[in-house]
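Chains as they are written, first to last, in my numbering: chain V, 462 to 709; chain P, 9 to 279.
The beta carbon of each residue, even a glycine, is placed where N, CA and C say it ideally should be.
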Amino acid sequence: MPDPSRPNQPPRDGVGSPRAFHVVGQPALIFKGSSFPLTVAHLTTVDAERIERDLTTKVAQAPAFFQDTALVLDFHAIEGQPLNFRALLDSLRTHGVHPLGVRNGDASQMAEARSLGLAVFPPSRKEDPRAAPQGVRAKPKLMTHPVRSGQQVYAAGGDLVLLGMVNAGSEVLADGNIHCYAPLRGRAMAGVSGDVEARIFTYCLEAEFLSVAGCYRMVEDIRDLPADVRSKPAQIYLSGERVVIEAI
Amino acid sequence: MAKIIVVTSGKGGVGKTTTSASFGAGLALRGHKTVVVDFDIGLRNLDLIMGCERRVVYDFVNVINKDARLNQALVRDKRVEHLYMLPASQTRDKDVLTREGVDRVFHELQQELGFEYIVCDSPAGIEKGARMALYFADEAIVVTNPEIASVRDSDRILGILSANSRRAEEGMEPVKPYLLVTRYNPDRVEQGEMLSLETVKELLGIPLIGVIPESESVLNASNLGTPVILDEKSKAGVAYSDVVDRFLGENRPLRFISTERTSLLRRFFGG
């Protein structure tokens, strides 16, 4: 209780007071660069009803994936069209998805995004995600050393070629395909910007997690993998929404 | 130029300090002027394992802060000629280590005091102390127990060695890593209770420099404050001697990696 006779007296330091935890010389904010795999949702229509319907179906298919997923909205296909922005955000949030920002919209869409507190991401280099495989790609990223536990390698805009092994506890990501000429034991994500044609190829499949364009398959136990692909050459691709693992 | 070797592992309790003491003593026994530097600021142990805890006056931190000269802080080993150790501070915190400070001390050890080998005993973990211990390394001994958590942590450290060492930052030839498997028990491997040597090698993919068998003599030696390499009757001591010889380029076949029975048969058939 504050002392009424001394109204301007600040509360004393003690256990529980935030001051008790203040460390002299330590900055209040420590900024560190970091990169996160984000899901991008490409809007193909401004029809709120259709968006809501498709979203409900999607979330029902993989509720765990969408729970607390951070999302970037890509407006490329609906550029210049009138959009009920607020309704879209409400609909996403109702389904547990958190829209973080917008990219590839027209000037007024981007201005509205800002006013709604969303981040404005720079336009993507690719014209259309669906046309990406045919379009101009970045040079493949080549890794000659092993990718070890705790490391993350991302090939932006193209393929990732791995000559060393990818160890358990590491993560390899590519906008294009992933080619691994050694044991693949970590997490592999191809087509992370939404290229559904992307594939993962490996000489020795022992991965913990496989994903193509956001559709994924977890491998909790390596013995869950069929014998014809376990520790053998394999490719992983999408057939519709299904992640197919196939011997090569 | 002296060679800087870090003994590291990520995981705690796998045998880093035991290895640092024995490896350093082994190099000195072969006539090389060697210093073992304890980087475990605040939790120093190397002085106990090397049996010189009562002769520590100044420490690494005093030298970095210029409170003492390097010569005053170095502790000379009483049993092994050419062997010295630089103790960590027990009362300070790892944040007092700075790259400039460590660089200056290492430079002095090499240029003015003529050390041939600097063995850095890393603390566990991947925080500042461990990163500082490996930063200046030319070569690394990655101590690993034959169990999955230790292998995973060693892998993590190998990643840090290849990305965050001075050699990596300055675009020099990368740090040369060696795998040292400790606490190896062939009987338990046969029972399926431990990872086999082959599996550990396969998972980490770096050259093997030795295998130290699980042995009571290691604990006894630690309690006595004697590097186990000085116990020539113990298997662990002999295995550490082999490690030092291999490090210096000698060819020594692996020992104590199969169960007793097989090794007897092998002796008969000369395998």
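C-alpha distance - residue i paired with residue j, whole-angstrom precision
{"i": "residue 14 of chain P", "j": "residue 618 of chain V", "result": "38 angstroms"}
{"i": "residue 695 of chain V", "j": "residue 237 of chain P", "result": "48 angstroms"}
{"i": "residue 280 of chain P", "j": "residue 180 of chain P", "result": "Nothing in the structure corresponds to residue 280 of chain P, since chain P is present only between 9 and 279."}
{"i": "residue 223 of chain P", "j": "residue 27 of chain P", "result": "14 angstroms"}
{"i": "residue 436 of chain V", "j": "residue 510 of chain V", "result": "Missing from the structure shown is residue 436 of chain V; chain V here goes from 462 to 709 and no further."}
{"i": "residue 88 of chain P", "j": "residue 34 of chain P", "result": "9 angstroms"}
{"i": "residue 502 of chain V", "j": "residue 57 of chain P", "result": "59 angstroms"}
{"i": "residue 566 of chain V", "j": "residue 547 of chain V", "result": "15 angstroms"}
{"i": "residue 252 of chain P", "j": "residue 21 of chain P", "result": "21 angstroms"}
{"i": "residue 261 of chain P", "j": "residue 219 of chain P", "result": "11 angstroms"}
{"i": "residue 544 of chain V", "j": "residue 569 of chain V", "result": "10 angstroms"}
{"i": "residue 556 of chain V", "j": "residue 500 of chain V", "result": "15 angstroms"}
{"i": "residue 682 of chain V", "j": "residue 691 of chain V", "result": "11 angstroms"}
{"i": "residue 585 of chain V", "j": "residue 518 of chain V", "result": "27 angstroms"}
{"i": "residue 701 of chain V", "j": "residue 207 of chain P", "result": "38 angstroms"}
{"i": "residue 710 of chain V", "j": "residue 523 of chain V", "result": "Residue 710 of chain V is absent from the structure shown; chain V starts at 462 and stops at 709."}
{"i": "residue 144 of chain P", "j": "residue 640 of chain V", "result": "34 angstroms"}
{"i": "residue 600 of chain V", "j": "residue 620 of chain V", "result": "7 angstroms"}
{"i": "residue 111 of chain P", "j": "residue 213 of chain P", "result": "30 angstroms"}
{"i": "residue 539 of chain V", "j": "residue 554 of chain V", "result": "21 angstroms"}
{"i": "residue 74 of chain P", "j": "residue 61 of chain P", "result": "22 angstroms"}
{"i": "residue 532 of chain V", "j": "residue 172 of chain P", "result": "32 angstroms"}
{"i": "residue 571 of chain V", "j": "residue 203 of chain P", "result": "56 angstroms"}
{"i": "residue 209 of chain P", "j": "residue 83 of chain P", "result": "36 angstroms"}
{"i": "residue 489 of chain V", "j": "residue 498 of chain V", "result": "27 angstroms"}
{"i": "residue 228 of chain P", "j": "residue 196 of chain P", "result": "22 angstroms"}
{"i": "residue 146 of chain P", "j": "residue 178 of chain P", "result": "13 angstroms"}
{"i": "residue 174 of chain P", "j": "residue 659 of chain V", "result": "37 angstroms"}
{"i": "residue 2 of chain P", "j": "residue 119 of chain P", "result": "Past the edges of chain P, shown from 9 to 279, lies residue 2 of chain P, and the structure says nothing about it."}
{"i": "residue 512 of chain V", "j": "residue 705 of chain V", "result": "27 angstroms"}
{"i": "residue 707 of chain V", "j": "residue 687 of chain V", "result": "9 angstroms"}
{"i": "residue 638 of chain V", "j": "residue 205 of chain P", "result": "34 angstroms"}
{"i": "residue 232 of chain P", "j": "residue 680 of chain V", "result": "48 angstroms"}
{"i": "residue 114 of chain P", "j": "residue 529 of chain V", "result": "50 angstroms"}
{"i": "residue 257 of chain P", "j": "residue 239 of chain P", "result": "23 angstroms"}
Residue i: CB within 8 angstroms of a non-hydrogen atom of the ligand COA
{"i": "residue 257 of chain P", "result": "Looking at this structure, you won't find the ligand COA or any other ligand, since it has none at all."}
Sub-9 angstroms separation of residue i and residue j beta-carbons
{"i": "residue 610 of chain V", "j": "residue 630 of chain V", "result": "yes"}
{"i": "residue 242 of chain P", "j": "residue 225 of chain P", "result": "yes"}
{"i": "residue 18 of chain P", "j": "residue 96 of chain P", "result": "no"}
{"i": "residue 16 of chain P", "j": "residue 130 of chain P", "result": "yes"}
{"i": "residue 534 of chain V", "j": "residue 549 of chain V", "result": "yes"}
{"i": "residue 47 of chain P", "j": "residue 121 of chain P", "result": "no"}
{"i": "residue 234 of chain P", "j": "residue 59 of chain P", "result": "yes"}
{"i": "residue 149 of chain P", "j": "residue 31 of chain P", "result": "yes"}
{"i": "residue 215 of chain P", "j": "residue 194 of chain P", "result": "no"}
{"i": "residue 699 of chain V", "j": "residue 674 of chain V", "result": "yes"}
{"i": "residue 563 of chain V", "j": "residue 536 of chain V", "result": "yes"}
{"i": "residue 542 of chain V", "j": "residue 507 of chain V", "result": "yes"}
{"i": "residue 671 of chain V", "j": "residue 649 of chain V", "result": "yes"}
{"i": "residue 163 of chain P", "j": "residue 211 of chain P", "result": "yes"}
{"i": "residue 159 of chain P", "j": "residue 188 of chain P", "result": "no"}
{"i": "residue 192 of chain P", "j": "residue 264 of chain P", "result": "yes"}
{"i": "residue 127 of chain P", "j": "residue 183 of chain P", "result": "no"}
{"i": "residue 7 of chain P", "j": "residue 51 of chain P", "result": "This structure cannot speak to residue 7 of chain P, because chain P is shown only from 9 to 279."}
{"i": "residue 608 of chain V", "j": "residue 628 of chain V", "result": "yes"}
{"i": "residue 615 of chain V", "j": "residue 496 of chain V", "result": "yes"}
{"i": "residue 65 of chain P", "j": "residue 76 of chain P", "result": "yes"}
{"i": "residue 186 of chain P", "j": "residue 11 of chain P", "result": "no"}
{"i": "residue 71 of chain P", "j": "residue 94 of chain P", "result": "yes"}
Expected contact under 8 angstroms - CB spacing of residue i and residue j to nearest Å
{"i": "residue 676 of chain V", "j": "residue 645 of chain V", "result": "Residue 676 of chain V to residue 645 of chain V, Cβ: 18 angstroms. No contact."}
{"i": "residue 652 of chain V", "j": "residue 633 of chain V", "result": "Not confirmed; about 13 angstroms, so no contact."}
{"i": "residue 117 of chain P", "j": "residue 36 of chain P", "result": "Contact flag wrong, Cβ pair sits at about 14 angstroms."}
{"i": "residue 69 of chain P", "j": "residue 100 of chain P", "result": "5 angstroms"}
{"i": "residue 661 of chain V", "j": "residue 697 of chain V", "result": "4 angstroms"}
{"i": "residue 136 of chain P", "j": "residue 103 of chain P", "result": "7 angstroms"}
{"i": "residue 516 of chain V", "j": "residue 552 of chain V", "result": "6 angstroms"}
Can you pull out the residues from the segment 607 to 622 of chain V whose beta carbon lies closer than 9 angstroms to at least one beta carbon of chain P?
Residues passing the 9 angstroms Cβ filter: 607, 608, 609, 610, 611, 612.
Going along the chain, which residues of the segment 147 to 177 of chain P sit with their C-beta nearer than 7 angstroms to a C-beta in chain V?
Going along the segment 147 to 177 of chain P in chain order, one finds 160, 163, 164, 166, 167, 170 with a Cβ nearer than 7 angstroms to chain V.
Those runs of the beta strand (DSSP E) which lie wholly inside the segment 114 to 187 of chain P and span at least 3 residues
Taking only runs of at least 3 residues, the beta strand (DSSP E) segments lying wholly in the segment 114 to 187 of chain P are 125 to 129, 147 to 152.
Residues within the segment 555 to 573 of chain V neighbouring chain P, beta-carbon criterion of under 9 angstroms:
If the cut-off is 9 angstroms between Cβ atoms, the segment 555 to 573 of chain V has nothing near chain P.
Report the start-end ranges of each beta strand (DSSP E) in the segment 30 to 104 of chain P that is 3 residues or longer and not cut off at the edges.
You should have 42 to 46, 91 to 94.
Any chance you could list the beta strand (DSSP E) runs of at least 3 consecutive residues sitting entirely within the segment 617 to 685 of chain V, in chain order?
Those beta strand (DSSP E) runs which fall completely within the segment 617 to 685 of chain V and span 3+ residues are 621 to 623, 632 to 635, 639 to 645, 648 to 651, 661 to 666, 670 to 673, 676 to 679.
Taking any Cβ of chain P, which residues in the segment 626 to 648 of chain V have a Cβ under 7 angstroms from it, in chain order?
From the segment 626 to 648 of chain V, only 626, 628, 629, 630 have a Cβ closer than 7 angstroms to chain P.
With 7 angstroms as the C-beta to C-beta threshold (strictly closer), list the residues of the segment 124 to 138 of chain P near chain V in chain order.
Listed by position along the chain: nothing, the set is empty.
Of all the beta strand (DSSP E) runs that stay within the bounds of the segment 479 to 563 of chain V, which reach a length of 3 or more residues?
You should have 500 to 503, 531 to 535.
Along the segment 175 to 197 of chain P, where does the CB come closer than 7 angstroms to a CB of chain V? Name the residues.
Listed by position, the residues of the segment 175 to 197 of chain P near chain V (Cβ gap below 7 angstroms) amount to none.
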